[in-house]
Amino acid sequence: MLSSFVFKKKSVVVNVSRQELAQALRDKEALVWVDLEDPNEFESDSLVELFNFHPLAIEDCLNDHSEPKVDDYEEYLFLVVHAVDRTSDEKLRTIELDIFVNKNFVVTFHKEPVHSVVQVREIVSRSLDTFIPDGTDMLVHAILDRLVDNYLPIVTGYERRIDEIEDKLFSDGGNHLQHILKLQKDILYLRRIIAPQREIMSQLTRNTRSFVRPKNLIYFRDIDDHLFRFYQMGEEQLGLMNGILQIHFSQASTKLNEVIKTLTVIATIGLPPLVIASIYGMNFKHMPELHWEWGYFFSLGLMTLSSGVVLVFMKWKKWF
677 MLSSFVFKKK SVVVNVSRQE LAQALRDKEA LVWVDLEDPN EFESDSLVEL
727 FNFHPLAIED CLNDHSEPKV DDYEEYLFLV VHAVDRTSDE KLRTIELDIF
777 VNKNFVVTFH KEPVHSVVQV REIVSRSLDT FIPDGTDMLV HAILDRLVDN
827 YLPIVTGYER RIDEIEDKLF SDGGNHLQHI LKLQKDILYL RRIIAPQREI
877 MSQLTRNTRS FVRPKNLIYF RDIDDHLFRF YQMGEEQLGL MNGILQIHFS
927 QASTKLNEVI KTLTVIATIG LPPLVIASIY GMNFKHMPEL HWEWGYFFSL
977 GLMTLSSGVV LVFMKWKKWF
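Residue numbers (this note's numbering): 677 to 996.
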């Protein structure tokens, strides 16, 4: 799906033709935004022909496995950022968003719906004349600001899940290792996504060839501050997860020790009867107790007495 917007003199035209796009690109007073969501081959080829993007940048778009980065192609910048998939509850997923931008145009490319892009697109379509971005930098800011804000429910959701695991760990003492490791993996993955995107914001605010005007640098620094806060929250959460893991292993070790202690007590109590039974199980002809009328009951009594003595001794020593 291809959506196009041409902003000019406090007005916006939606879904313009290819010829009108080409004309708007030549107009220095116009701002062009083209959004491609899972485009077909014709839409992709038309866009490449119209904007003449570098083949390497196009390859990054089509491969959809690029790390967050900023590439400078002289006439425009190419950004790769990752948005969180808010529709997935079972597993943390990110959606790649590719952005081509210079002082006159913004092109966004994504194979799945990106919540922040959809939000801005709907705002523009609904309000038309009321949402007129002051330059491509503020249009990109509107998209990136919402993209980063969408990390907040994920990060706070991790805090809630950590609290739930802690409560379960201390209440039922069950085996929650799988949930702990899964949550830890999700937190690590999110931090690996956030870290390079902080570098993107730094490059945009430091790069003299950036499309960001000096008066608007503060807005992109604000996005960087949000990313830094989320990164720090992730680091704190990893510290909590490591503590929870230690508690889990400590509980498991304690349970194992209790089981071993119980088995040891049983084996130790059963040792005297085993020794007595082994003695009377030997193949000797002359064993007095074998022909004694009370021999059987004597051996049972001896087994019981010896086991009782061992049990009393272990209790006295407070071994269990």
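C-beta atoms are modelled at their ideal positions from N, C-alpha and C, and glycine is treated no differently.
Because the structure is a prediction, the values reported are computed rather than measured.
Go ahead and label GLY910 buried or exposed: buried means 16 or more other beta carbons lie within 10 angstroms of its beta carbon, across all protein chains shown.
-> Counting from 1 along the sequence shown, the entry for residue 910 is found at position 234. Residue burial annotation: GLY910 is buried, with at least 16 other C-beta atoms found within 10 angstroms of its C-beta.
Residue environment, ILE819, which counts as buried when at least 16 other CB atoms sit within 10 Å | Taking the first residue of the sequence shown as 1, we reach residue 819 at position 143. Buried, since its Cβ has 16 or more Cβ neighbours within 10 Å.
Between the CA atoms of GLN927 and LEU768 - distance to the nearest angstrom = Numbered from 1 along the sequence shown, position 92 holds the residue referred to as residue 768. Numbered from 1 along the sequence shown, position 251 holds the residue referred to as residue 927. Cα to Cα, LEU768 sits roughly 29 Å from GLN927.
What residues in its chain sit with their C-beta under 6 Å from that of SER982, if we drop five residues either side in the sequence?
-> Working through the sequence shown from its first residue, we reach residue 982 at position 306. PRO948, listed in sequence order.
Assuming LEU723 and LEU712 form a contact by the criterion Cβ under 8 Å, report the distance between their Cβ atoms to the nearest whole angstrom.
-> Counted from its first residue, the sequence shown places residue 723 at position 47. Counted from its first residue, the sequence shown places residue 712 at position 36. With a Cβ gap of about 7 Å, LEU723 and LEU712 count as contacting.
Ordered list of alpha helix (DSSP H) runs contained in the segment 731 to 756, each at least 4 residues = 731 to 739
Go ahead and pull the three-state DSSP assignment for PRO772.
-> Translated into positions along the sequence shown, residue 772 becomes position 96. Rather than Pro, the amino acid found at residue 772 in this sequence is Glu. Three-state result, GLU772: strand.
Complete runs of the alpha helix (DSSP H) confined to the segment 883 to 955 [at least 4 residues] = none
Return the Cβ separation of THR944 and VAL985 in integer angstroms, given the expectation that the two are a contact with Cβ distance under 8 Å.
-> Position 268 of the sequence shown holds residue 944. Position 309 of the sequence shown holds residue 985. 11 Å between Cβ atoms; not a contact.
Return the CA-CA distance between ASP901 and ASN892, expressed in angstroms with no decimal places.
-> What you label residue 901 is simply residue 225 of the sequence shown in a count that begins at 1. What you label residue 892 is simply residue 216 of the sequence shown in a count that begins at 1. Whole-angstrom Cα-Cα distance: 15 Å.
To the nearest whole angstrom, what separates the beta carbons of LEU859 and TYR834, a pair I think is in contact under 8 Å?
-> Here residue 859 is taken as the residue at index 183 of the sequence shown, counted from 1. Here residue 834 is taken as the residue at index 158 of the sequence shown, counted from 1. Yes, LEU859 and TYR834 are in contact; Cβ-Cβ is about 7 Å, under 8 Å.
To the nearest angstrom, how far is it from the Cα of LEU823 to the Cα of PHE846?
-> Counting from one through the sequence shown, the residue named residue 823 turns up at place 147. Counting from one through the sequence shown, the residue named residue 846 turns up at place 170. About 37 Å.
What three-state label does DSSP hand ASP721 in the structure shown?
-> Sequence index remark: in the sequence shown, residue 721 carries index 45 (1-based). ASP721 falls in the helix class under three-state DSSP.
Exposed or buried, what is GLN854 when buried is set at 16 or more other beta-carbons lying within 10 Å of its beta-carbon?
-> Reading the sequence shown from its first residue, position 178 is the one you call residue 854. Exposed, since its Cβ has fewer than 16 Cβ neighbours within 10 Å.
Measure the CB-CB distance between GLY811 and ARG889 and report whether it falls below 9 Å.
-> As a first step, residue 811 must be located in the sequence shown, where it is residue number 135. As a first step, residue 889 must be located in the sequence shown, where it is residue number 213. Yes, the pair counts as a contact, with Cβ atoms nearer than the cut-off.
Since I believe PHE887 is in contact with ASP813 (beta carbons under 8 Å), could you give me their beta-carbon distance rounded to a whole number of angstroms?
-> If you number the sequence shown from 1, residue 813 lands on position 137. If you number the sequence shown from 1, residue 887 lands on position 211. Confirmed, about 5 Å.
Validate contact between the segment 868 to 879 and the segment 911 to 924 using beta carbons, cut 8 Å, 3 pairs | no
Nearest CA to the CA of LEU726: which residue from LEU738, ASP740, VAL710 and ASN933?
-> Position 50 of the sequence shown, counted from the start, is the residue given in the question as residue 726. When only C-alpha atoms are compared, the closest one is VAL710.
Contact check, PHE683 vs LEU707, beta carbons under 9 Å | Here residue 683 corresponds to residue number 7 of the sequence shown, with the count starting at 1. Here residue 707 corresponds to residue number 31 of the sequence shown, with the count starting at 1. Against a cut-off of 9 Å, the Cβ pair of LEU707 and PHE683 comes out as a contact.
Separation of PRO744 from VAL692, as counted between CA atoms = For the purposes of this step, residue 692 is taken as residue 16 along the sequence shown, with counting starting at 1. For the purposes of this step, residue 744 is taken as residue 68 along the sequence shown, with counting starting at 1. In a straight line, the C-alpha of VAL692 is about 30 Å away from that of PRO744.
Looking only at its own chain, which residues have a Cβ that is under 7 Å from the Cβ of THR770, when we skip the five neighbours before and after it?
-> By 1-based counting over the sequence shown, the position of residue 770 is 94. Excluding residues within five positions, the ones whose Cβ falls inside 7 Å are HIS758, ALA759, VAL760, ASP761 and ILE869.
So what does DSSP say about VAL986, is it helix, strand or coil?
-> Reading the sequence shown from its first residue, position 310 is the one you call residue 986. Here VAL986 sits in helix by DSSP.
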